[in-house]
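Peer 1: Counting from 177, one number per residue, gives the positions in the sequence shown under the working numbering.
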Amino acid sequence: MFHKAKSWVTVLSPLAGIRPPILNGPMHPRPLVALLDGRDCTIEMPILKDVATVAFCDAQSTQEIHEKVLNEAVGALLYHTITLSRDDLDKFKGLRVIVRIGSGYDNVDIKAAAELGIAVCNVPASSVEETADTSLCLILNLYRRVTWMHQALREGTRASSVEQIREVAGDAARIRGETLGIIGLGRVGQAVALRAKAFGFGVIFYDPYLPDGVERSLGLQRMVTLQDLLIHSDCVSLHCSLNEHNHHLINDFTIKQMRQGAFLVNSARGGLVDEKALAQALKEGRIRGAALDVHETEPFSFSQGPLKDAPNLICTPHTSWYSEQASIEAREEAAREVRRAITGKTKP
């Protein structure tokens, strides 16, 4: 249902080389590399300046990208805010390598890229700790109701007597003995599992692509099917990539397979969750609470979409990956990947 992120997403065969190789050296002008959906190149410039000309586009779509970039760029750097479909990729006349500054690459049509002779790369390791830490924060928040207690106090609620405290914090739950179900036990999934165990969770996971034996080395319990995981989890946390096979993995049907009153956390990809089905489940109490860092439509707004009236919901704006350190590391590694593509040197 999902595929694990790899450093090099597309490995081109000789037959895929529809476009000519990148020309680089004293007899050729420096190739053009463009940051498509950002404007700050201060991290990338020192790494690339001696082998490429670096430009930024700050675009939300290819319609906003300058014609010179479309015609001449051999390398493209991008975050998650721009999508490159087959039609978009066709607009780039000389593009040879795309590097996604981050882990997910569902905003690039990698099949079309391979057919066009464009390599696609990601940098999945830089934000593992940040994403895992945020995921656990969201899980703890759902159990301990910190956000809602804060809101109650801001609204003037008094909580001095035992009865008042019980009214404000009545939905707070004990963590010890609860079962956390992780869907996708890659880098982030494993980091979340180790953190959750320290808080007293029993951790189970579903990942059909993971080799046998990993569960033993981590002290986790493997579920053979997604249904098994949903049935046995008090809280479900998503950590898989998004592809054509697992779009709306969490939908009305799979929600009904979850335990009554379970929690749901998604810090992976918004398309994994059918937000209309989630909103209905929250209103009906089938899901006790949900925390989403990613959404079907981004940038997310509470005023639009099916979640606007959903209760017991925490939403953050796709920021679980971010810290200043993680951002710098991701940008440096992305720039080094482009440099390797231009110079023809493989990763050591």
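Where is the CB? At the ideal position from N, CA and C, for every residue including glycine.
Determine, using beta-carbon pairs with one atom in the stretch 271–278 and one in the stretch 481–489, whether at least three such pairs fall under 8 Å.
Peer 2: With the cut-off at 8 Å, the stretch 271–278 and the stretch 481–489 do not touch.
Peer 1: Compare the C-alpha of alanine 517 against each of Asp216, Ile223, Cys217 and Gly214 and name the closest.
Peer 2: Cα-wise, what sits closest to alanine 517 is Ile223.
Peer 1: Under the assumption that leucine 405 contacts glycine 357 (Cβ atoms under 8 Å), give the Cβ distance between them as a whole number of angstroms.
Peer 2: Yes, they are in contact, since the Cβ atoms of leucine 405 and glycine 357 sit about 4 Å apart, within 8 Å.
Peer 1: Would you mind stating whether lysine 269 and isoleucine 241 have Cβ atoms separated by less than 9 Å?
Peer 2: Going by C-beta atoms, lysine 269 is not nearer than 9 Å to isoleucine 241.
Peer 1: Could you tell me which of Val441, Gly447 and Asp263 sits nearest to alanine 288, measuring between CA atoms?
Peer 2: The option with the nearest alpha carbon to alanine 288 is Asp263.
Peer 1: If I measure Cβ to Cβ from lysine 521 and keep anything under 7 Å in the same chain, skipping five residues before and after, which residues do I get?
Peer 2: Nothing listed; no residue qualifies.
Peer 1: By Cβ distance, which residues of its chain are closer than 7 Å to tyrosine 255, with the 5 residues on each side in sequence left out?
Peer 2: Excluding positions up to five away in sequence, the list reads Asp213, Gly214, Ile277 and Gly278.
Peer 1: Under DSSP, the beta strand (DSSP E) around cysteine 491 begins and ends at which residues?
Peer 2: Counting along the chain, the beta strand (DSSP E) containing cysteine 491 begins and ends at 489–491.
Peer 1: Would you mind stating whether arginine 371 and alanine 348 have Cβ atoms separated by less than 9 Å?
Peer 2: No. Outside cutoff.
Peer 1: Any idea what DSSP makes of glutamine 514, helix, strand or coil?
Peer 2: The sequence shown places valine at residue 514, rather than the glutamine named in the question. Helix, per DSSP.
Peer 1: Beta-carbon separation of valine 470 and arginine 445 under 9 Å?
Peer 2: In this structure, arginine 445 lies closer than 9 Å to valine 470 by Cβ.
Peer 1: Label valine 273 either buried or exposed according to how many other C-beta atoms from any shown protein chain fall within 10 Å of its C-beta, with 16 as the threshold for buried.
Peer 2: Buried, because 16 or more other Cβ atoms sit within 10 Å of the Cβ of valine 273.
Peer 1: According to DSSP, simplified to helix, strand and coil, what is aspartate 503?
Peer 2: The residue you asked about is not aspartate; residue 503 is serine in the sequence shown. Correct three-state label for serine 503: helix.
Peer 1: For proline 205, which of Ala235, Ile219, Ser413 and Glu248 has the nearest alpha-carbon?
Peer 2: Nearest of Ala235, Ile219, Ser413 and Glu248 to proline 205, Cα basis: Glu248.
Peer 1: List the DSSP bridge partners of glycine 525.
Peer 2: Any answer about residue 525 is impossible in this case: the structure gives the chain only from 177 up to 524.
Peer 1: Can you list, in chain order, the residues of its chain whose CB lies under 6 Å from that of glutamate 513, leaving out five sequence neighbours each side?
Peer 2: The residues are Val275 and Cys297.
Peer 1: Taking phenylalanine 381 as the reference, give the member of Gly389, Phe375, Leu458 and Gly365 with the closest Cα.
Peer 2: Comparing Cα-Cα distances from phenylalanine 381 to each of Gly389, Phe375, Leu458 and Gly365, the minimum goes to Gly365.
Peer 1: Start and end of the alpha helix (DSSP H) containing serine 393?
Peer 2: From DSSP, the alpha helix (DSSP H) with serine 393 extends over 390–394.
Peer 1: When the Cα of arginine 350 is compared with those of Arg330, Arg342 and Gly376, which residue comes out closest?
Peer 2: Cα-wise, what sits closest to arginine 350 is Gly376.
Peer 1: Can you tell me the Cα-Cα spacing of arginine 352 and alanine 210, whole angstroms?
Peer 2: Computed Cα separation, rounded: 49 Å.
Peer 1: Using the beta-carbon count (16 or more within 10 Å), is glutamate 472 buried or exposed?
Peer 2: By the 10 Å Cβ count, glutamate 472 comes out buried.
Peer 1: Sort Leu246, Lys244, Cys217 and Lys225 by Cα distance to phenylalanine 232 and report the nearest one.
Peer 2: The candidate whose alpha carbon is nearest that of phenylalanine 232 is Cys217.
Peer 1: How many angstroms separate the CA atom of leucine 271 from the CA atom of glutamate 220?
Peer 2: Answer to the nearest angstrom: the Cα atoms are 18 Å apart.
Peer 1: DSSP three-state label for alanine 438, please.
Peer 2: Of the three classes helix, strand and coil, the one that applies to alanine 438 here is strand, per DSSP.
Peer 1: Given this structure, state the Cα-to-Cα distance separating glutamate 451 from leucine 489, to the nearest angstrom.
Peer 2: Their backbone Cα atoms lie some 11 Å apart in a straight line.
Peer 1: Looking only at its own chain, which residues have a Cβ that is under 6 Å from the Cβ of leucine 414, when we skip the five neighbours before and after it?
Peer 2: Around leucine 414: Ile359, Asn442, Ala444 and Leu448.
Peer 1: Which residue wins for smallest C-alpha separation from threonine 323, given the options Thr307, Thr259, Val344 and His423?
Peer 2: The shortest C-alpha separation from threonine 323 is found at Val344.
Peer 1: How about alanine 467 and aspartate 428: do their beta carbons lie closer than 9 Å?
Peer 2: No. Outside cutoff.
Peer 1: I'd like to know whether the C-beta atoms of aspartate 285 and leucine 260 end up nearer to each other than 9 Å.
Peer 2: Contact flag set, yes.
Peer 1: Leaving aside the five residues before and after phenylalanine 476 along the sequence, list all residues of the same chain whose C-beta is less than 7 Å from its C-beta, in chain order.
Peer 2: Within the same chain, phenylalanine 476 has close Cβ partners Cys491 and Pro493.
Peer 1: Give me whichever residues DSSP pairs with tyrosine 382 in a beta bridge.
Peer 2: According to DSSP, which records beta bridges pairwise, tyrosine 382 is partnered with Ile359.
Peer 1: Which residue or residues does DSSP assign as beta-bridge partners of phenylalanine 232?
Peer 2: Looking at the DSSP assignment, phenylalanine 232 forms a beta bridge with Leu211.
Peer 1: Would you decide whether glutamate 509 is buried or exposed? Buried here means 16 or more other CB atoms lie within 10 Å of its CB.
Peer 2: Under this definition glutamate 509 is a buried residue.
Peer 1: So, for methionine 325: in the same chain, excluding its five sequence neighbours on each side, which residues have a beta-carbon less than 7 Å away from its beta-carbon?
Peer 2: For methionine 325, where only same-chain residues beyond five positions count, the Cβ hits under 7 Å are Val344 and Ala345.
Peer 1: Among Arg464, Val245, Trp497 and Ala455, which has the Cα closest to the Cα of phenylalanine 478?
Peer 2: Looking at the Cα atoms, Ala455 is the closest of the given residues.
Peer 1: Along the beta strand (DSSP E) that carries alanine 249, what are the first and last residues, could you check?
Peer 2: Per DSSP, alanine 249 belongs to the beta strand (DSSP E) from 249–254.
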